[in-house]
Amino acid sequence: MDETGAILARARSGPSNPSRVPLDLAYAALVGAMDKALESGGKSSTDVASVSGAIAGAGLATALPEFHRRLQLKFPSAAIFLNTDLSIALAATGESPSLVVIAGTGSAVIGRDASGTLAREGGLGPVLGDPGSAYDIGRKAMILCLSQHHPGENSYLGNEILEAFKCNWIELQARIRAGPDSILPKIFPIVAKAANEGDESARGLLRSAAEELAGFVEHVVGRLHLRNESFFLAKTGGVFNRSAYLDDHFDELIRKIAPRTRIGALPRQVAEFAAQCAVGCLDSPVRNVES
């Protein structure tokens, strides 16, 4: 963005969550996206006056100080403000009270009441949590398909998974053990497609994921005493808007937990809101919503 908030360029790169990939690779992914955006916008690193980052997993991996140090070297003229994706997503709702449900490769819920009190659930990574995430749905789909597999026989969902990865079950298991983050989240869209095409096992996986995400919401709503209050709940991440068997069931469960909830998408994408925060930092620092 320029100082008026006009978007000059957008760019994407690979995984940058330092709790899921080595810190050097996570930083390289961030820089890769930044360099692409600068090139597309006809700018250089010395032109940058302010950087605001919403970085998944950075708080969990205690990587924010190291990212800050490296980015300050890359952008010597810039003020650097870094936070977690959860914090920036919550700020992006523009409301209090509000909740954000993030369901992508990982999963988490964060909320804030009218007085600014915060509560969160999830965001612990695949070993300790992330129920309802693309990673977790992919893992459970694999377990289900392997339990149903018999010599010479596969389920519809199983056939779709094997066709997508062009291998057999033994080969696929070996690939998952070698790099689960590169395989398991990619199974989620296959599950969503199978559910939309009528596969009951896939539909069951998505309904279960919706229930797990709603459980996170229920815990946060309870701690913030919002059950009977009116508030905005924003859904973001690649798990949403892929199948009604997850989205509709999730929305139904939320309305039972907190009947006055308004459910919708974030008003602005997290990256776009972070860039707007960077523009705001040209005059005054962005408030850390978790402080």
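Take this note's numbering: the last position of the sequence shown gets the number 300, and nothing is skipped along the way.
Just so it is clear, CB atoms sit at the ideal spot from N, CA and C, and this is done for glycine as well.
As the structure is a prediction and not an experimental result, all values here were calculated from the model.
T93 is classed as buried because its beta carbon has at least 16 other beta carbons within 10 Å across all chains shown. For D260, the closest C-alpha among the options E227, R277, S59 is that of E227.
In this structure, R251 keeps its C-beta atom at 8 Å or more from the C-beta atom of L193.
In this model, A150 and G246 are separated by some 19 Å (Cα to Cα). Distance from the CA of A287 to the CA of W178, rounded to the nearest whole angstrom, comes to 47 Å. Non-local beta-carbon contacts of S105 in its own chain, meaning distances under 6 Å to residues more than five positions away in sequence, involve R121, A123 in chain order. Where S210 is concerned, there is no enclosing beta strand (DSSP E), although the alpha helix (DSSP H) around it starts and stops at 209-233.
P74 and P31 have their C-alpha atoms some 15 Å from each other. Taken in chain order, the whole beta strand (DSSP E) runs of length 3 or more contained in the segment 89-133 are 107-112, 116-121, 127-131. Contact between the segment 82-100 and the segment 220-239 is not established, with fewer than three Cβ pairs separated by less than 8 Å. Less than 8 Å separates the beta-carbon of V279 from that of A63. Around the beta carbon of A219, 16 or more other beta carbons lie within 10 angstroms, which makes this residue buried. Secondary structure note for F241: it is in no alpha helix (DSSP H), and the uninterrupted beta strand (DSSP E) holding it is 240-245.
Note on geometry: alpha-carbon atoms of D33 and A87 lie some 21 Å from one another.
Secondary structure note for G289: its alpha helix (DSSP H) is the uninterrupted segment 279-289.
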